[in-house]
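Please read the structure below before turning to the comments.
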Amino acid sequence: MIRGEVVKNQTLYKALFISALMLMLPLLSNSSDWSVSDEESHVTLVEKIELKSAVMHELFGVLDDAFENENRPLLANSRIGVYDAAGLLLKQDIPDEGLIPRPDLAMFLVDNSLRIQDVRSSLEQIHGLEVRAFISPSGLLVQGTKHSLEQGSEEAGIEAMLPVPVAMMVDESLWFESPEKIRLESWRGDELHSGVGLVDSEGHVLQQSLSHVSKQFLKEINIIDTGRISGVVHSQSVFEIALEPSVSWVRAEPMFTIDNNYARSHMAITGSYSVRSHFTTDLDGSGQIVAVADSGLDEDHGDFGTRIIESKDVIGDGSTADTWSGHGTHVACTVLGDGTRGPYAGVAPASELYFQAMENDNTGNFVSPSLNYLFNDAYGKGARIHTNSWGSSQDSDQGKYTSESEDVDDRANYYDRFYNNVEGLSILFASGNDGSGSGTVNSPGTAKNAITVGSHLNRGGSAPNLIWDSSSRGPTDDQRIKPDIVAPGAYVRSCKAQEANDVVGTWEDTYYVEYSGTSMATPNAAGAAALIREYILEIAERPAPQGSLVKALLVLGARDVGTRDIPNNNEGWGRVDLKESLAPGNGRGIWVDDRSIMSHTGHLKSYTFNVTDSGQPLKAVLAWSDERGSRFSTNQLVNNLNLEVEKPDGTLYKGNYFSQGRSIQGGDYDAVNNLEVVLIDNAESGIWTIRVKDGGHGGSYAQPYALAVSGMGVNDLRPDPVVLEDYTINVDIPQLGDTISIQTTVQNFGNVEAQNVAISFEVEGSEVSSQSVDLNPGASKVLEWDWTPLTDGSIPVSFVVDPDNLIEEISESNNRFNTLINVTTPGIKIESLVPSITLRDSDETVTSWNITLTNTALIPTNGTLDELGVIRNEDNLVMDWFIGIDRTVYELNGSATVPLSVTLVHPKSPDPGTYIIQLLGQDLDNNIDYPFSLEFVVPLLTNPDLETYYDWFPVSPFEPTSVNFLFHNAANGQAGYDLFLTPALGWMVGFDDLSSQGGANSASTGMMAKGEKIPINITVIPPQVTLVGGTELTFLLTIVTQSEDAEEIEIPISMKVEEVPRIDIISSTNYGDLSKDSVLSLNFLVENTGNIDLNLSPQIITPLGWEVTTSVSPFSLPWSGNNEFQLIFQITDTATSGELEFILSDGSFSHRWNKSANVLQTSDGTISFARLEIEGEKWTDVMGPGS
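Counting with this note's numbering, you get residues 1418 to 2604 for the letters of the sequence shown.
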């Protein structure tokens, strides 16, 4: 029950002074040839409005959770053409390369045998498949691997799987052009994705990041947000880029502009007229944080005081100043300036400001980062209203549902899902200043969930009933009504940025300037939204309103501009009127519901409304932040809710079916807009029924909605019987066994009679008796109950209305009245919150309990405590253990309790068992004893221990090492243990003999007797990589006790790598027999193959007659190091054969290299002439023949 109903007989007034800005102040026409004096320009007409706290009420409804099939044609209306079961019928020419199918995408058509939502849910269970978009009325755009797409096509309800041309992913403005700079966008879910990552049931992977694609196809890359990257394109076709699976959209780099006629076009308009752009009211926006995204901000202007939470540079130019037109300062001040510098205060002058600066100070260009980032950033800083007086500057985006439109709808929907503990976000956008032509509304104002604001005149003969000529009109491309509302936007005076150097308004002074445009209308509407949200929170006391409720209330109070013809694409649903939104006249009230959801097609909620006085208007507004639409679809509504209102005679009015500004009978349900209205000029008295129905659920989430109703009557036609929280009893303190009488009162706080209502009397949760009553609205009745208490103490009793939940009431939370009745009986009681204590520490010798000694009667007595010894429960063995208690006699008042302690002194690690400490409480005055027992539980206290002779074990860095120690069962009984060895990194370790297989790293001790010790032998195997000597290692022995609780104990085993000196001497020189008087050169490589550093001294031993012509000095050789050198030997003519030896030593360590050397030996002799032979002839003369 909300506060407004609880205090319905109290009237809390707040004075609401609403300036004629939003009401009936004559406004100025920009097309009239009038003039006005400056004196007249400062006249402000205000209307005083009594704002009552009980105006806004909770709207109660009845839920019908029925399911319905969906009557849908088997079509998917995509942006490039219409899909049916036969294929795709293109609606425009597409280049040949744009007709190439994307292999990872398909269009599934869903027939009427199943609901879209159910099929979508089934598809999302398939591994490797993702539903990317709903394409109305029967299409689902899906992405996946080839295998997962084939799986999906076999799901029930899938009538056809059709190819998706790559042109679907490319903005049509790029089909026949080669842009220099483009923006790539990836996919999205609840948040933006950086690419695609899908794995199907057979392990096939579809994975790619958008950054990978950008590096391949773009240069001068700029990361805008997660999965959003812009850059200069290489020579490749945009269609080639769009074939990449991480790419969902290829577009030209977006261009934005502020929606201010003068700041943009510098048009000079003669004549000016001042209008105050705020409401003068006790509602001042306090407690609200409004985010403004715009050019920049003059933070020290003066009209913002200390209410700027932060001014943030969101485009990275390093500045948040407003150095060009001063547009952002003007807009922010229109929302919440306080008028410190002059008479031009904003609409919500106590609101706080979070500003996001979007203008590049160096160029004056207006740059938008990712809108997804803007909204998340602002929400994270506490803003619940986000206003934007800017939009796309490209004519091609007029009426178009763009990526920015998707961002708006996605975030508004996300933050309106109250069931996820979010608080709603109202997002406002200017419709634009592109004139009176149809379909000129700018993106992102084309978003479904945005509050899109047009501009009406402020003053002049036709004001406020004339739309500003340049205010952009709807509809959107999919024929949705836009703008939603209009607000004052002509000749608005607000703060002037002192640093701005391009200020061109229709009037200015030192601190203020006058601008016109939807840029000015939008912050006026944002200020109104802040006041509505403040009212909801502070006066209606409703927590965390949905953004759609703020939108619904703005529309609820909106007035038709000029001729009655709402809804239309000039003004949407009319001009903002806070009086009608928050304080409707003639005694009308407002009823709202923003805590209901539609979760499937056919879901229905009905609200009955008793119109008590005829002749007053009845208006109902249904708004919901729909799930985001899709750029791939021509229809953007995803979850189609329908509003209908039924007269007492059964006549139906459907949402948005209007003629001459009012609802009429007949027509079709609106399947385009996510804002529906029914307006009855003169509602007759009687019971009206308002229904909200889910007409088609294409999304994947439950759809929250907001319903706002204004009229004359009572909505909640239900009884509400309540047992008042008061009772009488015929005795002050009942005695055990005495019959007593109790009287209670039940009253009906509802609006209709409560018939045959059961009231139950319960004691300790069990029904004792019941009665039935009939109660008219507001009536009460006294009931009498007899009861005989069967137990003493503070007895819980309850009086329960409708215990079997047979009647529907306004509130089910007030059906039970619980209380305690004290019943007395003499006696004493011992209690302990923890009567049983388990010994956990085997070294502990003292255990204590906290107990209480209580007088159970309500009269005084004397009590005391005694102990009767300790026995072991298993064998009744009496233990000779000391029990410490306080034997004082206590004077105990009625129900008094005294805290005491009991201390048990026992040996260390006693035998397992449950020991009973026997206590006796005594009521000395009444001779009543109260025995009580405490438990001392001693479990098996496993206490394993290792016994070694070393602080650490030495282990070899090269060979396996055996390590031995004793394992000791120090438990208080027989115990077994499982052992697990964890070696240091790279090492191996295993048990030699305890495990079932030698060398395993796990083993069991088997059952060990108390105190038993067994040897444990393990082998430690070093890693292949040698560790330096002296390295300390820790091996972990994990011991798991073989007991019920399986206690795990870890014992580190310290080891140290032994220091092993070792070298290899290698000579790469081969030689054979050696000659005297020759030279031998030997090349040597010395490697330290040990694990310590060595300081080596050389020694060379040669055979006799050898000389060493080179020397080797002592040298240091670090572990794992090496040294190369050469030895040269002179083999003299006296040299002999023998062993060559080369020795390197470091203290006690030495290593020897040796090799045999054979020196050829020669003898002395002479040569003499014997004969001469030529061709077989021989001569003894040296000169030959003829000599």
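Glycine included, every Cβ here is placed at the ideal spot set by N, Cα and C.
Annotated as proximal: S1843 and H1803, with beta-carbon spacing under 9 Å.
Following the DSSP letters along the chain, one finds N1639 inside the beta strand (DSSP E) bounded by residues 1635-1642. Unbroken beta strand (DSSP E) runs of no fewer than 3 residues, entirely contained in the region 2180-2249, are found at 2183-2192, 2197-2204, 2210-2218, 2233-2240, 2245-2248, following chain order. For F1792, the enclosing alpha helix (DSSP H) covers residues 1788-1797. A Cβ-Cβ contact shorter than 9 Å links V2190 with I2176.
Out of A2426, Y2394, S1628, L2402, the CA that lies nearest to the CA of S2412 is found in Y2394. When DSSP states are grouped into helix, strand and coil, Y1832 belongs to the helix group. Annotated as proximal: A1749 and P1940, with beta-carbon spacing under 9 Å.
The DSSP assignment places 2006-2015, 2021-2028 as complete runs of the beta strand (DSSP E) inside the region 1980-2033, in order along the chain (cut-off: 3 residues). Residue environment: F2299 is assigned as exposed (fewer than 16 neighbouring CB atoms within 10 Å of its CB, all protein chains considered). Sequence-distant Cβ neighbours of N1639 in its own chain, meaning closer than 8 Å and more than five residues away, are I1646, S1647, G1648.
The beta carbon of I1575 is closer than 6 Å to those of F1525 in its chain, skipping five residues each way along the sequence. Per DSSP, the beta bridge partners of A1708 are Y1771, H1803. For the 9 Å CB-CB criterion, L1557 and R1532 do not form a contact. Our two residues, I1732 and H1544, have alpha carbons roughly 38 Å apart in a direct line. Sequence-distant Cβ neighbours of L2275 in its own chain, meaning closer than 8 Å and more than five residues away, are I2150, N2239, T2241, G2311, S2312. Along the length of the region 1918-1982, whole beta strand (DSSP E) runs at least 3 residues long occupy 1929-1932, reported in chain order.
G2128 is the residue among A2123, E2093, G2128 whose C-alpha sits nearest the C-alpha of G2103. Taking D1919 as the centre and dropping the five residues before and after it, the same chain places the C-beta of W1741, S1742 closer than 6 Å to its C-beta, in chain order. The shortest CA-to-CA distance from F2586 to any of D2368, Q2578, G2403, W2596 is the one to W2596.
Among the bridge pairs identified by DSSP, M2405 is matched with I2438. In the three-state reduction of the DSSP assignment, T1751 falls in the helix class, which pools H, G and I.
Non-local beta-carbon contacts of D1617 in its own chain, meaning distances under 6 Å to residues more than five positions away in sequence, involve H1544, G1545, T1562, H1564, S1565 in chain order. Cβ contact annotation for G2078 (same chain, cutoff 7 Å, sequence separation greater than five): D1977, R1981, D1982, I1983, in chain order. Residue nearest to S1936 within the set D2342, G1862, P2001, G1979 is G1862 (criterion: CA-CA distance). Within the DSSP bridge table, the entry for T2378 names V2437 as partners. Under the DSSP assignment, R2079 falls in the beta strand (DSSP E) whose first and last residues are 2079-2082. Residue pairing by DSSP places W2523 opposite I2548 in a beta bridge.
Looking at the DSSP output, E2558 shares a beta bridge with I2518, N2571. When DSSP states are grouped into helix, strand and coil, N1837 belongs to the helix group. Taking C-beta separations shorter than 6 Å and ignoring five residues to either side along the sequence, the partners of S1712 in its chain run D1739, H1744, G1745, E1776, following chain order.
Under the DSSP definition of a beta bridge, Q1625 partners with V1613. In the three-state reduction of the DSSP assignment, H1744 falls in the helix class, which pools H, G and I. Here D2043 is near Q2053, since their CB atoms are less than 9 Å apart.
Distance between S2023 and E1916, taken at the CA atoms: about 56 Å. The alpha-carbon of A1942 is positioned some 32 Å away from that of R1600.
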